[in-house]
């Protein structure tokens, strides 16, 4: 058993880690200043329906998932630094174009590019953390810190956008462009500093090999062989299925819940929805590290099971709550947010633990398939809502939590490939 995770480990974070944290705050904060109001912009400009807007966003999300997997896998071969720079440039170009788009087709194309950049960046940043921090407990704290700072940005961004009068202004996407350009400049400094510190050590570790595009890794692991390994890793496949379902359940809060409340003619709907979003962000910000300390000695899979029980309870709470009971919805979202604070950062830690060092990018790229849950949540939830109503939607989600718990129960018993002896026959087949 590993020792309890200590917050004093932050002193072991390298400069590049601090740059990632700061960069995540400014980029996600600026992103959420304007991105949540994209539907408003599309409606004001083109009078698009909610279905049409949803189709544009869902299509972009699905495309982004596949591109993210390919890009993250290539980062194992091309080097994390190269692919991150390319993704940063895509961020800058796509958000600049989004600030100037003036047709529905142009918006659809550019939104897809923005979604690809966002989907690429997340697994790349997570894989980079694994590259630059050797100690598993320090690495876990770093990933928890990353999730925390992203949520702070998500909470501060929309409020700052309203306060600065940026709500619904298309030109505001330039703010995200500037933030990412600044982050890229910091990353150039951070990568340079990290390479110097690695060269000054007596022995070179796998982390520096990753950052310097180690040739042996390039030659031993190709794309086809990587795909062959992923195809044989039953544990990874089961994990992806479990987390797709998990994110489908969580995604109902952003889509079907609002539709349900709207159909039920809930009084003060906008006030309620705003309060739910604020409650979600504040619970995560205030409770994430407290929960981390409380559960520091709990095994990773058991920690996830606790989060799933809370998620199941939140869905049952929503199923029985009267639509007009304001504080009932707040209570349900508090329970949901506690589940999120446990589950979401732990998902990254779990991937980091099962990924071989030279396939870390591929495994974090494969975790991008989780986003299928988010992508199909509006469609799946809407169908259940139309056919059966809100009560059965949340009952179904509660039942899905039981299914996910079952998948996690069998997870560790599933076979895995031999990472030490890649088979040449698979590469040339």
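In this note's numbering, the protein residues as written are 1044 to 1472.
Backbone N, C-alpha and C fix where the C-beta goes; we use that ideal spot for every residue, glycine too.
Using beta-carbon positions only, say whether residue i and residue j come within less than 7 Å of one another.
i, j, result
"residue 1166", "residue 1415", "no"
"residue 1192", "residue 1073", "no"
"residue 1391", "residue 1111", "no"
"residue 1346", "residue 1457", "no"
"residue 1195", "residue 1328", "yes"
"residue 1139", "residue 1220", "yes"
"residue 1385", "residue 1334", "yes"
"residue 1104", "residue 1216", "no"
"residue 1135", "residue 1223", "yes"
"residue 1157", "residue 1075", "no"
"residue 1236", "residue 1058", "yes"
"residue 1343", "residue 1393", "yes"
"residue 1299", "residue 1122", "no"
"residue 1388", "residue 1190", "yes"
"residue 1340", "residue 1460", "no"
"residue 1137", "residue 1160", "yes"
Could you name the residues of the same chain whose beta carbon sits closer than 6 Å to that of residue i, not counting the 5 residues immediately before and after it, in chain order?
i, result
"residue 1091", "1085"
"residue 1359", "1441"
"residue 1150", "1144"
"residue 1060", "1185"
"residue 1181", "1052 and 1055"
"residue 1351", "1444, 1447 and 1448"
"residue 1418", "1101, 1104 and 1105"
"residue 1249", "Unreliable placement is indicated for residue 1249, whose pLDDT of 47 sits below 50; the coordinate value is still reported in the next sentence. If we look at residue 1249 and ignore the five residues flanking it on each side, its Cβ neighbours are 1400."
"residue 1398", "1406"
"residue 1371", "1364"
"residue 1290", "1413, 1416 and 1417"
"residue 1355", "1441 and 1444"
"residue 1326", "1377 and 1380"
"residue 1373", "1322"
"residue 1261", "Here residue 1261 scores only 40 on pLDDT, less than 50, and its place in the model is too uncertain to base an answer on."
Could you round the C-beta distance between residue i and residue j to whole angstroms and report it? I think they count as a contact, below 8 Å.
i, j, result
"residue 1382", "residue 1437", "Residue 1382 to residue 1437, Cβ: 14 Å. No contact."
"residue 1108", "residue 1412", "6 Å"
"residue 1420", "residue 1228", "At roughly 36 Å, the Cβ-Cβ gap does not stay under 8 Å, so residue 1420 and residue 1228 are not in contact."
"residue 1062", "residue 1200", "Not a contact, Cβ separation roughly 19 Å."
"residue 1292", "residue 1443", "6 Å"
"residue 1117", "residue 1106", "Going by Cβ atoms, the distance from residue 1117 to residue 1106 rounds to 17 Å, so no, they are not a contact pair."
"residue 1446", "residue 1288", "6 Å"
"residue 1163", "residue 1130", "5 Å"
"residue 1454", "residue 1281", "5 Å"
Going by beta carbon distance, what residues of the same chain come within less than 8 Å of residue i, once the five residues before and after it are set aside?
i, result
"residue 1316", "1301 and 1304"
"residue 1323", "1296, 1376, 1379, 1380 and 1383"
"residue 1338", "1346, 1349 and 1385"
"residue 1321", "1198"
"residue 1246", "Low confidence applies here, because residue 1246 scores a pLDDT of 49, under 50, leaving its location unreliable; read the following figure in that light. The answer is none, since no qualifying residue turns up."
"residue 1396", "1179 and 1343"
"residue 1357", "1375, 1376, 1378, 1379 and 1382"
"residue 1307", "1366, 1367 and 1433"
"residue 1113", "1408"
Quick one: residues in its chain with C-beta nearer than 7 Å to the C-beta of residue i, no 5 flanking neighbours on either side, listed in chain order?
i, result
"residue 1309", "1315, 1366 and 1367"
"residue 1435", "1427"
"residue 1312", "1304 and 1305"
"residue 1213", "1084 and 1142"
"residue 1285", "1447, 1450 and 1451"
"residue 1064", "1188, 1189 and 1192"
"residue 1089", "1147"
"residue 1273", "1279, 1405 and 1409"
"residue 1439", "1427"
Using a C-beta cutoff of 7 Å, does residue i count as contacting chain D?
i, result
"residue 1150", "Looking at the structure shown, chain D is missing, and only one protein chain is on hand."
What alpha helix (DSSP H) runs, 4 residues minimum, are completely inside the stretch 1115-1199? Unbroken alpha helix (DSSP H) stretches of 4 residues or longer found wholly inside the stretch 1115-1199: 1123-1141 and 1147-1175, given in chain order.
Quick test of the definition: if touching needs 3 or more C-beta pairs under 8 Å, does the stretch 1146-1160 touch the stretch 1225-1240? Fewer than three Cβ pairs drawn from the stretch 1146-1160 and the stretch 1225-1240 lie within less than 8 Å of each other, which leaves the two stretches out of contact.
So, does the stretch 1170-1185 touch the stretch 1397-1407, judging by three or more C-beta pairs under 8 Å? Short answer: they touch.
Which ranges does the alpha helix (DSSP H) cover as unbroken runs of at least 4 residues, wholly within the stretch 1271-1322, from first to last along the chain? Within the stretch 1271-1322, complete alpha helix (DSSP H) segments of at least 4 residues are found at 1277-1294 and 1299-1306, given in chain order.
Runs of alpha helix (DSSP H) lying entirely within the stretch 1409-1470, each at least 4 residues, in chain order: Counting only runs of 4 or more, we get 1414-1431 and 1433-1454.
Uninterrupted alpha helix (DSSP H) stretches inside the stretch 1215-1246 (no shorter than 4 residues): Along the stretch 1215-1246, the alpha helix (DSSP H) occurs as fully enclosed runs of 4 or more residues at 1216-1242, listed in sequence order.
Note down, one range per segment and in chain order, each alpha helix (DSSP H) of at least 4 residues found wholly within the stretch 1059-1110. The qualifying runs are 1081-1089.
Could you tell me which whole beta strand (DSSP E) segments of length 3 or greater appear in the stretch 1331-1361? Runs found: none.
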